[in-house]
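A.B. asks:
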Amino acid sequence: MENVKESPRLIATDRCDVCGAQAYIRVEMETGELLFCAHHGNANKEKLQPLTINWHDQSEDLSQK
Ligand SMILES: [Zn+2]
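Read left to right, the sequence shown gives residues 210 to 274 (the numbering used here).
1. Going by C-alpha distance, which of D266, V227 and I262 is nearest E327?
2. Let's see if you can read the secondary structure: which residues bound the beta strand (DSSP E) around G241?
3. Look up Q231 in the DSSP assignment and say whether it is helix, strand or coil.
4. If the criterion is Cβ atoms closer than 8 Å, does the pair V246 and Q231 meet it?
5. Measure the C-alpha to C-alpha separation of R205 and L244 and round it to an integer number of angstroms.
Set out below in structure tokens:
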């Protein structure tokens, strides 16, 4: 099994764990991963970031339409 370093991009079917909106932020932690929409990602960032291995933020996609 390959050790994949690059995070796969979030897609339209990935959903925020809090509200169910489309996820733009993936938070990788020792215990697993969480998906957030841009709003909830930013809302939880300060609290979660010390625990994260990787903070993958795709929210710039929102402004590229
Ligand atoms: Zn949300």
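Where is the CB? At the ideal position from N, CA and C, for every residue including glycine.
C.D. replies: Judging by the given coordinates:
1. Residue 327 is absent from the model: the chain starts at 210 and stops at 274.
2. G241 to F245
3. strand
4. Residue 246 is actually Cys in this sequence, not Val. Contact: yes.
5. No information on residue 205 is available, as it lies outside the stretch 210 to 274 that the chain covers here.
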